[in-house]
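Numbering (my numbering), first residue to last: 1 to 259. Note that beta-carbon positions come from the ideal geometry of N, C-alpha and C, so glycine has one too.
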């Protein structure tokens, strides 16, 4: 898409889909643009106000059942996000945002099936156990380089992808989509993932890829070498902690089985 000046990063319905600090993802995107000397604007839009159609990246975060339904109904009635995607914008949908971006999802004790936005070929149903804990997955960038993504998942819905969507990454640790070894989804300009809290703080390479998809050009590394190194060290620490937790859990199960 043609970059606007400033580049607009749009958080959609923070009051409904923002219970896990997902606004932080928008702050990461905005700051990574500004540190490159690119003028960027963080836009917050709530139900009752029109969703702007001139954004570069739109973000949907986590929320509870009733909030999901309210958000879907409001976005469908507004229509702005559909027009923005048609114009080349990128949507980054996390957790509940991921579920409502799909074809259908379920809510409530009786698993009522709700029609989603239909932006991703995916369906979500209640899973056998709630997925809670650290997640590690392996994402292959467009240039072929494999990157380990880390995060924290907390979701009761299990998502199955249809043929039009492809997984974002392969699971090393955690449940991911539905325990099938995949995590997240990519379809056109829509990118979805389960880890939140916010996800992009841990995964700057993924943040830059979203921006590159939206702007239609390569950004390269941040000019701040010290910050890049600090982020690299933080990432390695989080990955090490997650793998240590996994090994500890496996050792505990082994010791229990020996008794």
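Within 8 Å, strictly: CB atoms of residue i and residue j
i	j	result
residue 192	residue 93	yes
residue 185	residue 161	yes
residue 88	residue 189	yes
residue 244	residue 62	no
residue 47	residue 10	no
residue 102	residue 122	yes
residue 129	residue 205	no
residue 97	residue 168	no
residue 215	residue 26	no
residue 100	residue 79	no
residue 207	residue 34	no
From the options, residue whose alpha carbon lies closest to that of residue i
i	options	result
residue 151	187, 203, 181, 106	203
residue 119	138, 127, 81, 106	81
residue 227	139, 36, 26, 134	36
residue 200	22, 17, 11	22
residue 137	116, 182, 128	182
residue 134	54, 115, 242, 79	242
residue 144	124, 194, 114, 209	209
residue 29	211, 166, 95	211
residue 234	127, 163, 75, 149	149
residue 5	60, 114, 24, 54	54
residue 213	19, 24, 58, 49	58
residue 75	86, 95, 49	49
residue 19	114, 198, 236, 238	198
Residue burial classification, residue i (beta-carbon count within 10 angstroms, cutoff 16)
i	result
residue 240	exposed
residue 153	buried
residue 252	In this prediction, residue 252 scores a pLDDT of 43, lower than 50, which makes its location untrustworthy; the coordinate-derived value is nonetheless stated afterwards. It is exposed - the Cβ of residue 252 has fewer than 16 other Cβ atoms within 10 Å.
residue 256	Because the pLDDT at residue 256 is just 47, under 50, the model does not fix this residue reliably, and the value given afterwards should be weighed accordingly. Its Cβ having fewer than 16 others within 10 Å, residue 256 is exposed.
residue 12	buried
residue 91	buried
residue 72	buried
residue 259	Legend: pLDDT at residue 259 = 48, less than 50; position of this residue unreliable, no value from coordinates given.
residue 230	exposed
residue 218	exposed
residue 8	buried
residue 2	The predicted model places residue 2 with a pLDDT of 42, which falls under 50 and marks its position as unreliable; any figure quoted below should be read in that light. Label assigned to residue 2: exposed.
residue 163	exposed
residue 140	exposed
residue 232	exposed
### Message
Below 8 Å, how does it come out for the region 42 to 61 and the region 216 to 226: are there three or more Cβ pairs, yes or no?
### Response
no
### Message
Within 8 Å, do at least three Cβ pairs link the region 158 to 175 to the region 33 to 40?
### Response
no
### Message
Using a Cβ distance threshold of 8 Å, determine whether the region 152 to 159 contacts the region 176 to 184, with at least three qualifying pairs required.
### Response
yes
### Query
Considering only residues of the region 152 to 177, which uninterrupted beta strand (DSSP E) runs meet the minimum length of 3 residues and lie entirely inside it, listed in chain order?
169 to 173
### Message
Quick check on the DSSP output: what are the complete alpha helix (DSSP H) runs of length 4 or more inside the region 165 to 234, in order along the chain?
### Response
199 to 202, 204 to 215
### Query
Which ranges does the alpha helix (DSSP H) cover as unbroken runs of at least 4 residues, wholly within the region 19 to 46, from first to last along the chain?
23 to 34
### Query
Taking contact to mean at least 3 C-beta pairs separated by less than 8 Å, is the region 60 to 74 in contact with the region 106 to 118?
yes
### Query
Along the chain, which unbroken stretches of the beta strand (DSSP E) at least 3 residues long are found entirely within the region 94 to 134?
104 to 107, 112 to 115
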